[in-house]
Structure formats: structure tokens, C-alpha cells
Amino acid sequence: MTMQQPRISRFWPFPRVYYGWAIMTASMLNAAASVPMQGPIVGVFVRPMQDELGWSATSISIGFALGSGLGGISSVWVGRILDRRGARGVTVAAGMIIVGCMVGLAAMTQVWHFWGFFGLARGTAAAGAQLGTMVALASWFVRKRGRVVGLLGVGQRTGQFIMPLPIVAIMTWFGWREAWLALAGFAVLALVLPSAAYMRRRPEDYGLLPDGRRPTHDVQVGEVSEDAGEELWSLAEAKRTVTLWALIVGQAAVVLAVNATNLHINVSLQDKGLSQFSAAMAVTIYLTVAALSVFGWGLLMERVHTRYLALTSVLFYLTAMVLAIAVDSFPTAVAFSVAFGSALGVWTVVSRMMFANYFGRRSFGTIRGFAAPIMAGVSMVGPILAGIVKDITGSYDLSFTIFAGVFGVAFVAFALARPVTKQA
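Be aware that the sequence shown starts at 415, since it is given in the numbering used here, and climbs by one per residue.
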């Protein structure tokens, strides 16, 4: 939509285009640059680091889990800062920390170096970069929230499916340390600089309305949200509902199993006979499926309640766990990738805006920040459990069986998370 609006950033070259799309641009680049802190990309590094440094699967899993815990704890106060001051400062600072940690990862020699550098980077990506973009987009878009979250997911999943093969190539030609340095340079260009140039707090701060609608008078956040059919809940009000707690249980269960699967699936596929390249290709396939489907799921979220999409995602995940156990060749690995990628596509949309769609945008950061430590504390169990099972049994099959049961818990929780309405 074109309209006359204040020049919010001199770096945005489209002054007649709603500035929310500048926020969207920065958010997509942010999402792509943050993916090295997520399981599918870290999984590519696991075997080369183990071969050189002799670390066990459990040792690497601890660093992953520490990052999840740090991100959850930090989200409590970061969420409040985001609601008050916006995402610009938070995302820039997060990007600089992540870049520094990647440089540290390139130079590490001890496992506690990995725990410190990767744990800090992963926690910062979750509490700073990821939460920052979610709060920013929830503020600048209400009616169009589904499609913008879909586009954000495209940025994240595109980064994930593009990165594994170039990373393997850099590792082959130079080494895994040089791969971390290359990712640090990418983070400067795609995370730090766009966040500094484009991120802003709310459209109302500049006399604009969410979704690019034309203002006819001075408006308040609550007035806009009510007009869009969105109720605004405080954290205290949300905590008194069964729905909030069901959402927390459901999301914690999903993140527990998904984080562990993302981290360990690459090695699991190699253990089942696939080459390093074929395992990386399988990971690339499931990330490609997620990237290609996420925008469509985002559009559907504007018409179908988030709860039904969450249930759909969990069913895909259950199917994927069965296939992960059954993998015995590249074709069966592809079958797993299609199911898991489909689940990721739906979950990418659902997980980012579930609390906003249930409880509104005014306290989104605070509510998400309240839930994050609980979800992170539970999710820390998954990667470590899978690592221990692998070290004891030599296989991840028992872990995938357990995760299937965890997804069953998530299905029940989301089924109980009925939409809430304030009493008149």
C-alpha cells in the first residue's frame, strides 16, 4: 500500500511504501543470519568437531541446552524492554554478541569454550534477535500478521536450507573453524546492519497504523487492536486462564523434541549408513520443504485459528519420528525430510505468533518472556537426553520413540488451549 508518511529511516528507499515492510525486510535478514545457532546448522559442525576435538554427543548437547536455558531466562527482562522501547537496540546488541561468539567458536580448543561461546550465542539469538523480530512484527502488523510471519519463516528456513551445503564445502576446502568465521561475516551484513538501519518500535510512534491503514485521527494501540478484532490482555490476566498454561505445556513439549531432533538428526542419518553429503542433503530437503510451505501456512493462519495449525504441525511431527526410526536408505531419509519439513513449516508460523494471536500485541513481549524460561527449562532436556541415549546405546532410535510420546503430550495440550474472551 502506498501513502504519504514520515521519513522514518533514510536507508529505506521506498518512502511511499508502508514502513512495516522495512521492519519485515530487516526481520527476514535477521532470521536468516540467526540460523547458525539452531540445530540443523550446528548439526553440520558436530562430526568434524568430534573428529578433531574428541567430544562426545552429550558434551555438545550440553552447550546447545545451555543456550536454550539462557535464552529462556533472558527473555523475561528482554520482553519487557521490547514492549517499552522496541526492537532496534536489542537486535543490534544481539547481533554484535553473536558475531563475537562465532569468532570465539572458530578459535575454541576446550569443550567449555563451546559451552560458553555457543551457549551465549544461542541464548542471545533466542532472547534478542528472534524475540525482537517477533515483537516488532506483531506491533506493525495485525490483520496481515499471518502473511508477514510466513515471510519471516521463509527468511529463517531459506537460511537453513541454503547454509548446510556451502558450510560443508567450506569445511572440505578450508576447515570447520573457517566456516564459523564465514558465518560471523554474514551475521554482520544480515543482522547487525539491517537492524540498525530499519528496526523501529510501533507505527503509532510515527503517526501510522498497523498494516498500512490510513489514520484519520490520533489513535492508541488499544483502539487499533479492538478495531482489528484483537483483545489486549495483560500478563496478570493471561495467567488466570487455562489456555496460557496449556500453550506453555504444548510449546515446551514441541521445542524439547524438535531442538533435539534438529541437533542430532544429521549424525543419526550418518549412523544409519548415509554419507556426510547425503545426510546434509536430507537436512537441506526438510528445510527446503519448510521454506516452500511456510508462507502458505502463514496465509492460512489469517483464516484458520492458530490452535488448529498447531495440532496439524504436531501430527506431522509424530509421523516424522516414526520415519526417523525407520530410515535405512536415502529414499526413506527423504520421506522423513518431507514429513519433518512439513511440520517445521507449520510450526514456524504457529510458534512465533501464538501468544500474540491469543492475547494481543500490547504485552506480547512480556507474556512471551514469562513463558520462555518455562519452555526453555523443559526443552533443555531433549538435546542432552538424546546425547546420553546415543552415547549409551549407540543409536538415537530410543530418543525418537520418546519424542513421539512427547509430541502426543503436545497434541493434548493444544487441544485444551481454547480461544479466550474477556468477560464483559
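The beta-carbon is built from N, C-alpha and C at its ideal position, and this holds for glycine as well. Small disclaimer: the values here were computed from a predicted structure and weren't measured.
The alpha helix (DSSP H) runs lying completely inside the region 430–459 and spanning 4 residues or more are 434–448, given in chain order. The DSSP-derived three-state label of residue 742 is coil.
Looking from the CA of residue 729, the closest CA among 446, 744, 562 and 761 belongs to 761. In terms of Cβ geometry, residue 706 and residue 828 do not form a close pair [threshold 7 Å]. Closest by C-alpha distance to residue 532, out of 654, 488 and 512, is 512.
Residue 673 is a Cβ neighbour of residue 797, given a cutoff of 7 Å. Boundaries of the alpha helix (DSSP H) around residue 779: 778–793. Here residue 597 is actually not in contact with residue 698; their C-beta atoms are around 16 Å apart, not less than 8 Å.
When rounded, the separation of the alpha-carbon atoms in residue 518 and residue 782 is 30 Å. In this structure, the CA atom of residue 563 is about 31 Å from the CA atom of residue 799.
In its chain, beyond the 5 residues on either side, 448 have a beta carbon closer than 7 Å to the beta carbon of residue 544.
With a threshold of 16 other beta carbon atoms within 10 Å, residue 481 meets it and is buried. For residue 825, the closest C-alpha among the options 702, 792, 685 and 665 is that of 665. Counting along the chain, residue 559 sits inside the alpha helix (DSSP H) bounded by residues 559–576. In this structure the region 453–464 does not lie against the region 766–778, because fewer than three pairs of beta carbons, one per stretch, are closer than 8 Å. For residue 608, the enclosing alpha helix (DSSP H) has its first and last residue at 607–612.
Contact check for residue 700 against residue 440 fails: the beta carbons are separated by 7 Å or more. When secondary structure is reduced to three states using DSSP, residue 594 falls in the helix class. In terms of Cβ geometry, residue 477 and residue 526 do not form a close pair [threshold 7 Å].
As the crow flies, the alpha-carbon of residue 795 is around 35 Å from that of residue 555. Between the C-alpha atoms of residue 810 and residue 752 there is a straight-line separation of about 19 Å. The residues 704, 707, 708 and 711, in chain order, have a CB closer than 6 Å to that of residue 759 in the same chain once the five nearest residues on each side in sequence are set aside. In this structure residue 678 is buried. Its beta-carbon is surrounded by 16 or more other beta-carbon atoms within 10 angstroms.
For residue 651, the enclosing alpha helix (DSSP H) has its first and last residue at 649–653.
The residue from 499, 485 and 558 with its alpha-carbon nearest to that of residue 626 is 558. When the alpha-carbon of residue 754 is set against those of 763, 733, 765 and 740, the nearest one is in 733. The shortest CA-to-CA distance from residue 718 to any of 833, 780 and 743 is the one to 833. Distances from the CA of residue 652 to each of 425, 792, 451 and 780 were compared; the closest alpha carbon is that of 780.
The DSSP-derived three-state label of residue 622 is coil. Collapsing the DSSP output to three states places residue 810 in coil. Assigned with DSSP and collapsed to three states, residue 718 falls in coil, not helix or strand. In this structure, residue 671 lies near residue 820, with their beta-carbon atoms less than 7 Å apart.
In terms of CA proximity to residue 470, 806 leads the group 567, 830, 663 and 806.
Apart from the 5 residues on each side of it in sequence, residue 749 sits with its Cβ closer than 6 Å to the Cβ of 737 in its chain, given in chain order.
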